[in-house]
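Read the structure below first, then the notes.
Residue numbers (the working numbering), protein chains in the order written: chain E, 2 to 602; chain W, 0 to 569.
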C-alpha cells in the first residue's frame, strides 16, 4: 500500500493533512503499518476512560474485507484475549480493527461482515461496565437485521456463579436471532481462561482467514499497548520486582490481615497510571504443594512433560498449576478417578447451585482429601488448570513513589475441613521477606482513569477497594489538581482496619483529600456500610455529580458494588427528582460516558 | 519576671468557660483523638486522652493512629461510694472501659480505655449514678480527699461531710459540662455565664485539698495544696489546723522544682472553713504563676513570696486572723487491714487492692467478687458504704456484726483476703498507673510492682524483716501521683527500667525522703538496699521505722539544694 486515502484525514485542521501526507510519502509498508497502530494507541491513550474515547480513526479496509473485534472487559482478561486475536489476525495478514465496546460506533454494526466479540460476564449475569451500552443496543429493539453478518462470540465467566457466561450466551443467541451467521460455536471460558480460550482463538483465526481469504493485507488500527515502554515485560514475560516493604496495616486485633506491599520497578522501564492493576504471578505455598503430594502419595521429583514443557512435579504444582481455585473440568476428572458418583452427579445441569457451593467452599486439596483417588503425575498436571496471575489495583502514583508500585493485599485465610486455607497470591505476597522477587506485569485499565485536574472525584472504596484511591489522591495532590476529592471508606472496625488511616488524616490536613466519610460496620449494634453513608450525604453527593464529579467504585463486586449502585439510584430518586427507572437509566448513561467507573472483582 | 501568659492560659481564656472545640472533636469520625487544645480543656471535665504506648510504634508502622482512649476520673469527695454506685461503676468499667476500676491515690475511681465514641455515654452513666467527673482534673480544685479512718466513725463522718461541702463549694459554675455530656440546654455564647470564683482562666494549676483526722494521716495531708487537720476533742469537731503549700511534683535534674510539704499556718473554726478554703484558693488564683506552668503550684507561690506574705494576704482577704495551731500527732500514713470495730459498734473491713487495680485476673477475680459483695450490701442497711483510701485500698464500712460472715465468705471466695499473708512492704506499697496509658510515664510503675515486690520480699525475708511495715512508693515519672517523695523507699522513673532511688521519709507523712541513687537499674536498686536492710535488721531500736532508722544511722545523702529561678524571683 502507499499513502493513506486523503478522506480519512480530512477532519484534520489546517495544513495538517498536507504535512502528514508529505511526511508519509515514501515510507515502506511495515513503517506505515506501525504508524497507523501508533496513532491509534495515541488516540486511545489520550482519550482516557474519563471521557468517551474518540472513535478509532483510519478505516482503510472496507467492511467487506475486514475483521472487527469488539471486547467488553472488566478486569482486562477479555481485552487481553481480544488483543491477542487481533495481533494474530494481523500477523496472518488480515485486516482487523479492535475496539472496546463503549467506543464501537453502533450504527456500523449493520455494515460489518465479520465480527468477533470477546466479552466477560460480571457477578450475577451483568455485562462489564464498558459493554453495557453495546449489549443494550444488540438485545434492544433498535438493532437492524444482520443477515449479512458472520460472527463468533467468546464469553468469559466464572462457573461458580449460576449465570455463567450469560452475556456471551445472550449476545451469541441474539445475533443469530437477528439473522447473522455463526462461524464458530460460542466459547465459554471459565476462570482457567486459557483452557477454553486458546483453542477457541485458534479456531476463530482459522475461520477469519477462511472468511476473508480474498482480502489483501491492510494497515490495522490495533492499538499498541498504551505504554510502549512496557512492551519488554508482559503477562507472559513478567518482571521480577524486588519486594521493598511488606507491612501489615491492620491492628494486632484485626481479624482479617491486610498488608501494604511495596515493590520496586527500578530498571524495568515499567510504567503505570493510577487506576491500573499489577498482575502478580504467585507461587503456591510450599505446605500446600507438599499436602497435595502427600495426599496423592506422589513424588515431587517425578519429571512431567506437558504441552512441550518438562519440569518436576513439584515445580509444576508450585508455579504452573492452580491448587486453590477449583474448576469444573478437574471436578469431573477427579470424580472419575475417585469413582465418586456423588461428586459426578454435581455436574448435572440441574445441580448448578450445589456445584457453585462446592466451588466456593473447596480447594483442590479438599477434594483430594474428601474423595480419595489414585492419580499419576502426568494425569494430574494435565487435569489441573494452569496457574493464572492475580490482579491487584495499584495503590500508588508514580508521581509520588517513583519507580515503586504499591499494593493493598488482603491476606485471605480461613479454617475449613480441619485445615487452614489461604489464597494463593495473598499468601505469596504477604509471606515474602524484604528483598524477595515477585514476578509482575502491568495490566492497564483505561476505564478507570482520573479526569482532568479541575473535575471533582467521588471515590467509593471499602476494604482493600480503597487501593486505587490511594493512588488517585497521591496523583491529584502531586499534580496540583484543583478538583475536589471525596472518599467513602468502610471496613469492620475503626480501631483495627481503618486502612491507611494516618495517610488519609495527613491528606485531609494538606487539602489533598477534601472529604472522608467512614462506615465501620461492626462498631455499633446496627451495621453501617458505605452505601448508608451515600444515602446519608445524598444531597451533597447529588450536587457534586450534577456539578460534573466523576464517580469511582472499587472493591467487592458481588455485594458491595450492587448495594452502592442501589444507593446511587436512591440518591437520584430522592435528590434528583427522578423515578427509579430514570435514575437507573441516568446511571447507565454515566457509566456509558465513563463518569461512573467501577473496578470491582 | 516572665509575664507572657502560657499557651494554656490562652486556651482557657478562649474556651468560653471550658467548651472549646470539645463537642466538635467528639463528633469527628476520622480520628479517635481530639485536638491538643481541647484535650487540655477536657481535663477540667474529668477526663484526658491517652494512648496505649505499648502499641504506639506498631500502629505507626501499620499506618494507624495511636490507640487513643480516654481516662475518666470521678469526683468522689472523701472516696465514699454507695453499693448502688459501685454496681453502676462496675458496669461502666465492663461496658465502656477496659474492664477494670482503678482506685487512685486521691481515693477516687478512674476508668481507662474509654474510646472517644463512648466518652459521652460513660460520663452520662456516671452522672446517672449520682456522681460526676467535673473538676476531677484540670486547673481547679480537684476532688477533696478525707481520712477513710474506720475506727472513729463519727470523726470520719465529720471529715467526709466537710470534704463534700468543700468540693461542692469550690466547683466551677460553667454549664459546659452539662451541655457537652448531659445534653443540657445550651447557653448562648458566654452571655449571662460567669465563673464568680475562678474567673475565665480558672487557676494557674491544679489545686488539692485534703482533710486528715489524727492520728491517721492516710491522706498525706502535707502533700496537699491545702491540708486540713481536724481537731476533735471528746467527739466534737473544734476546727482545723491549716497547712498550705504542699505538693509532690518535680522535674528530674531541675533544682528549681521540688516536692514540698505544707506548712501549718494556724487554726480555723468549722464555720470559717469554706471562707478559708476560698481565701487560699483565690490568693493562688491571683498570685500563682501563669506564665510558667512548671512554677504554677501554690507551693512555688509561697516559696517565692514567702509564707508570711501568704498568711498576711490570706488574712487580709478573710478579714480575720487565723488562730494559733492546735497540737496534733499523726501515728502513720498507712492503712490498717482486716476487720475493725468502730466506736459505733459497726464493722469495717479494709482490703488491700494492689496498686488500686480492681480487675478480674487469673486466681484473683476481684472485680467479680466486689460486684457480688456490692449486691449483698445493696440489700443490707443504707449506712453500709465503700470507702476508697488514698493508699489505693478499699474499706467496706458500716457492716453489722451479723453480716460479716457473708462478706467474709465472698472475700475468701474471690481471693480478696490476700493481705492476711502479705509481707509488710507489700501491704504498704503504692504505684501510679504509668505505662502503657499515662503519657508522662518514663518507666513502668503499676506493672512493675508485682515483679519488684517478690525480689524485695526475698531480701527482707533473709534479714527477718518480712513483717516490717516499710512504705514503698513507685512512680513512673517525677510528677508524683503516688506521692513518692513521702515513701520510706521510693522509685521515681527515669527511663525504661531505670529509676531514682529515694530513701528516708518517715511513716507519718511529715518528712520527705531524699535522693539516694540516681538513674539506676533493678540490680543496682537491690544491691543498694541489701546492706541497708541488713543494717536495719541488726541495729534498729524497738518499733523504729525504716525511714527513721536510715536518718538516725546517717545512711542518707544530704538534702538536695533548692534554687529559685531568677526569672521567678525578679
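All C-beta atoms in this analysis are idealised placements derived from N, C-alpha and C, irrespective of residue type, glycine included.
Residue i - partner residues in DSSP beta bridges
i	result
residue 427 of chain E	Residue 427 of chain E pairs with nothing; no bridge assigned.
residue 247 of chain E	E:262
residue 555 of chain E	E:600
residue 89 of chain W	According to DSSP, residue 89 of chain W bridges with nothing at all.
residue 466 of chain W	DSSP, once it has assigned bridges, lists no residue as partnering residue 466 of chain W.
residue 417 of chain E	E:420
residue 393 of chain E	E:279
residue 210 of chain W	W:145 and W:227
Unbroken beta strand (DSSP E) run spanning residue i, endpoints
i	result
residue 115 of chain E	115-121
residue 349 of chain E	Premise fails: residue 349 of chain E is in no beta strand (DSSP E) and is neither H nor E.
residue 572 of chain W	This structure gives no information on residue 572 of chain W, because the portion of chain W shown stretches from 0 to 569.
residue 190 of chain E	188-190
Extent of the continuous alpha helix (DSSP H) run through residue i
i	result
residue 564 of chain E	561-577
residue 380 of chain E	378-384
residue 446 of chain W	Where residue 446 of chain W is concerned, there is no enclosing alpha helix (DSSP H), given that its DSSP letter is neither H nor E.
residue 365 of chain E	365-371
residue 562 of chain W	Segment: none, residue 562 of chain W is in no alpha helix (DSSP H) and carries neither H nor E.
residue 181 of chain W	Run containing residue 181 of chain W: none; DSSP gives neither H nor E here.
residue 197 of chain E	194-212
residue 298 of chain W	297-304
residue 402 of chain E	399-402
residue 534 of chain W	521-538
residue 545 of chain E	539-547
residue 176 of chain E	167-178
Three-way DSSP call (helix, strand, coil) for residue i in this model
i	result
residue 549 of chain W	helix
residue 302 of chain E	coil
residue 315 of chain E	helix
residue 585 of chain E	helix
residue 30 of chain W	coil
residue 41 of chain E	Here residue 41 of chain E scores only 49 on pLDDT, less than 50, and its place in the model is too uncertain to base an answer on.
residue 284 of chain W	helix
residue 411 of chain E	strand
residue 50 of chain E	With a pLDDT of 36 at residue 50 of chain E, under the threshold of 50, the predicted position of this residue should be treated as unreliable, and no value is reported.
residue 161 of chain W	helix
residue 543 of chain W	coil
residue 497 of chain W	strand
residue 590 of chain E	helix
residue 70 of chain E	strand
residue 277 of chain E	coil
residue 354 of chain E	helix
residue 362 of chain E	helix
Cβ-heavy atom distance, residue i to the ligand ATP, below 7 angstroms
i	result
residue 228 of chain W	No copy of the ligand ATP occurs in the structure displayed, which carries no ligand at all.
Q. What runs of the alpha helix (DSSP H), each 4 residues or longer, lie entirely inside the segment 330-401 of chain W?
A. Unbroken alpha helix (DSSP H) runs of no fewer than 4 residues, entirely contained in the segment 330-401 of chain W, are found at 365-378, following chain order.
Q. Which runs of the beta strand (DSSP E) fall wholly inside the segment 474-517 of chain E and span at least 3 residues, in chain order?
A. For the segment 474-517 of chain E, the continuous beta strand (DSSP E) assignments of 3+ residues that do not extend past its boundaries occur at 486-492, in sequence order.
Q: Spell out a yes or no on whether the segment 73-86 of chain W and the segment 135-146 of chain W are touching, meaning 3 or more CB-CB pairs, one atom from each, closer than 8 angstroms.
A: Between the segment 73-86 of chain W and the segment 135-146 of chain W there are three or more C-beta pairs closer than 8 angstroms, enough to call the two in contact.
Q) Is it true that the segment 315-333 of chain W meets the segment 118-138 of chain W, where meeting means three or more beta-carbon pairs spaced less than 8 angstroms apart? A) Result no; under three Cβ-Cβ pairs closer than 8 angstroms.
Q: Would you list, in sequence order, the uninterrupted alpha helix (DSSP H) runs of no fewer than 4 residues that lie entirely inside the segment 75-162 of chain E?
A: Runs found: 78-92 and 133-140.
Q.
Three or more C-beta pairs under 8 angstroms: does that hold for the segment 144-161 of chain W against the segment 116-126 of chain W?
A. Taking 8 angstroms as the limit for Cβ pairs, the verdict is that the segment 116-126 of chain W does not touch the segment 144-161 of chain W.
Q: For the segment 32-85 of chain W, list the beta strand (DSSP E) runs that are entirely contained and at least 3 residues long, ordered along the chain.
A: The segment 32-85 of chain W contains these whole beta strand (DSSP E) runs: 46-50 and 67-72.
Q. If we count Cβ pairs, one from each stretch, closer than 8 angstroms, do we get three or more for the segment 572-592 of chain E versus the segment 481-493 of chain E?
A. No, the segment 572-592 of chain E is not in contact with the segment 481-493 of chain E.
Q.
Can you confirm whether the segment 532-545 of chain W touches the segment 355-373 of chain W when touching is taken to mean that 3 or more C-beta pairs between the two stretches lie within less than 8 angstroms?
A. Counting Cβ pairs under 8 angstroms, fewer than three are found: no touch.
(Q) Taking 8 angstroms as the cut-off, does the segment 56-63 of chain W touch the segment 490-502 of chain E (at least 3 CB pairs, one atom from each stretch)? (A) Result yes; three or more Cβ-Cβ pairs closer than 8 angstroms.
Q | At least three beta-carbon pairs within less than 8 angstroms, the segment 249-260 of chain W to the segment 171-187 of chain W | A | Between the segment 249-260 of chain W and the segment 171-187 of chain W there are fewer than three inter-stretch CB-CB distances shorter than 8 angstroms, so the stretches are not counted as touching.
Q.
Under 8 angstroms: do the segment 450-458 of chain W and the segment 86-97 of chain W share three or more Cβ pairs, one atom per stretch?
A. With a cut-off of 8 angstroms, the segment 86-97 of chain W and the segment 450-458 of chain W do not count as touching, because too few Cβ pairs lie within range.
Q.
Using a Cβ distance threshold of 8 angstroms, determine whether the segment 81-95 of chain E contacts the segment 105-122 of chain E, with at least three qualifying pairs required.
A. Verdict: yes, contact present.
Q) Is the segment 484-492 of chain E close to the segment 521-535 of chain E, with three or more CB pairs under 8 angstroms? A) Between the segment 484-492 of chain E and the segment 521-535 of chain E there are three or more C-beta pairs closer than 8 angstroms, enough to call the two in contact.
Q.
Under 8 angstroms: do the segment 266-281 of chain W and the segment 236-250 of chain W share three or more Cβ pairs, one atom per stretch?
A. The segment 266-281 of chain W, when compared against the segment 236-250 of chain W, does touch it at the 8 angstroms Cβ threshold.
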